[in-house]
Each structure stands twice: as C-alpha cells, then as structure tokens.
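Comments concern the structure below.
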Amino acid sequence: MNRDNVLIENVLDGNTDSFSILVQCYQDQLYKFIYKLTVSKEDTEDILQEVFIRVYNNLYKYNNRWNFSTWLYNIAVNVFKTHYKKKKKNPENVNNEAIDDISCSILDYPDVAYEVKEQRLLIIKLINGLKDDQKIALVLKHVQGFSYKEIADILEVTPEAAKMKVQRAKQFICKKYNEMKGRGVYNEVHI
1 MNRDNVLIEN VLDGNTDSFS ILVQCYQDQL YKFIYKLTVS KEDTEDILQE VFIRVYNNLY
61 KYNNRWNFST WLYNIAVNVF KTHYKKKKKN PENVNNEAID DISCSILDYP DVAYEVKEQR
121 LLIIKLINGL KDDQKIALVL KHVQGFSYKE IADILEVTPE AAKMKVQRAK QFICKKYNEM
181 KGRGVYNEVH I
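This is how it looks when you write it as structure tokens:
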C-alpha cells in the first residue's frame, strides 16, 4: 500500500493529522496548477480551499485502484469549472499578478522587459480564451507534466482525446498569437 492510501485509511479511521499530511503533500503542486488556470491568487486560494473541503468530505468515495493524484485533480478541475460558471469570468480580464511574475534579471533592460511583458500578457489572454477542457489539458501537460493517460483520467476522456485537446489548444494559441502579431505564420510560436 502506498503512502497516499495509508494516509487515506488513517483519515477514514478518524485521524485528522493524516489529512493534514495529505494536504501538505499536494498543496503546492495543486496551487500552481489552479493558479495557471485562474491567473488570480484570490481565486486560486478560494478554489484550493474548496478542493480540499470536497476531498475531505468525499474521501470515503475514493477508489484506491486509481492514483489519488488523478482523483484529486479531477476534483480540482470540477471545482474550477463550477467556480468560473458562477463568476462568468470574461476571458479578456487578465490579472496583472501573472504579468508581475517576470524575472527581475530582464528588468535591467526596460525595452526587453516591456516586450516580454507584452508577449506574456498576450499569451495569457490567449490561454484564458481557450475552452476550459483545452486550457486544463494544456496546463496539466505542459505545466504539471502529466501524461496523456493521466490527463484522460482527470478529464474522463480517452488518451487520444486528451492529446487532441492539448494539440488544439496549442494550435489556437499559435494561430491567434501570430495573427495578433501581424504575422500569418502558424508555426512561429512554439509551445
């Protein structure tokens, strides 16, 4: 039995300290995942809190034949979708927190820093313009490093469909980026 399953058994037996350990094991990577989807610290914290509440309340439903991380990310995806349906967030609204992430080393060169910020802002807008499933698949693959099989399990689709969602997301971003930059060349931007 792996570490997660032992902790889950302990939680189900009433040991809340084991749940705290489980949260600590996944909190940082889940925060990064959600932040890449929301581009808002406030929304990320709200969603993360709701995810762990749902995990705790539904832990008895977890089937240990699946990876716990897959089950956890599936819950995170569902909470993200619900959160944004309620908010009816406009994809054009990009939070400046994401833009402020630029590395300090380039800030010594104002022209370069400005151009990098502008490009990053444009890419963030394009990512926010993706369909939810494409956005989630793209972040799971290229930010979190999940396999297509794991993405498929999280999104409840086939691995081929997961791969197609990532491909379509990349194609959309590249095409729109190049259109907005006045270049008609599809492959100029590589994601």
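In terms of the UniProt record's numbering, the sequence shown has 57 at position 57, counting the first letter as 1, and numbering is strictly consecutive. Heads up, the beta-carbon is just placed ideally off N, CA and C, and yes, glycines get one too.
Selected residue, minimal CA-CA separation from residue i, among the options
| i | options | result |
| --- | --- | --- |
| His83 | Trp71, Leu59 and Asp46 | Asp46 |
| Glu156 | Tyr31, Thr70 and Val23 | Thr70 |
| Ala137 | Val51, Leu122 and Leu37 | Leu37 |
| Leu30 | Val79, Asp153 and Asn57 | Val79 |
| Ile123 | Lys181, Ile21 and Glu50 | Lys181 |
| Phe33 | Glu42, Val77, Lys61 and Cys25 | Val77 |
| Ile8 | Glu179, Thr44 and Tyr60 | Tyr60 |
| Val166 | Leu126, Lys141, Tyr26 and Asp4 | Lys141 |
| Leu121 | Asn5, Val39 and Phe52 | Val39 |
| Gly129 | Thr158, Ile173 and Phe146 | Ile173 |
| Thr44 | Leu22, Lys175, Gln171 and Asp28 | Asp28 |
| Asp13 | Lys175, Thr158, Tyr56 and Lys81 | Tyr56 |
| Val23 | Arg54, Phe146, Gln171 and Asp133 | Arg54 |
| Asp133 | Lys81, Tyr35 and Lys41 | Lys81 |
Alpha-carbon spacing of residue i relative to residue j, whole angstroms
| i | j | result |
| --- | --- | --- |
| Gln144 | Asn2 | 21 Å |
| Lys85 | Val11 | 32 Å |
| Cys104 | Asn63 | The predicted model places Cys104 with a pLDDT of 42, which falls under 50 and marks its position as unreliable, so this point remains unresolved. |
| Cys25 | Glu179 | 42 Å |
| Lys87 | Lys125 | 17 Å |
| Ser20 | Phe52 | 10 Å |
| Trp66 | Lys131 | 27 Å |
| Leu72 | Glu160 | 22 Å |
| Asn58 | Val139 | 25 Å |
| Leu48 | Ala169 | 24 Å |
| Val6 | Asn15 | 11 Å |
| Gln171 | Glu50 | 32 Å |
| Glu42 | Gln119 | 24 Å |
| Ile99 | Phe146 | Below a pLDDT of 50, predicted positions are generally treated as unreliable, and Ile99, at 41, falls in that range; no measurement from the model is reported. |
| Lys175 | Met164 | 16 Å |
| Tyr35 | Thr158 | 25 Å |
Where residue i falls: helix, strand or coil (DSSP)
| i | result |
| --- | --- |
| Lys181 | coil |
| Ser69 | helix |
| Ser18 | helix |
| Val143 | coil |
| Glu160 | helix |
| Val6 | helix |
| Leu48 | helix |
| Tyr26 | helix |
| Asn57 | helix |
| Leu138 | helix |
| Asp43 | helix |
| Asp13 | coil |
| Leu37 | helix |
Whole-angstrom C-beta distance between residue j and residue i, which should lie under 8 Å
| i | j | result |
| --- | --- | --- |
| Ala162 | Tyr177 | About 23 Å; that fails the 8 Å criterion. |
| Asn74 | Ile154 | 5 Å |
| Val127 | Lys135 | The identity of residue 127 in the sequence shown is Ile, whereas the question assumes Val. 6 Å between Cβ atoms; contact. |
| Asp17 | Phe68 | Wrong, their Cβ atoms sit about 17 Å apart, outside the cutoff. |
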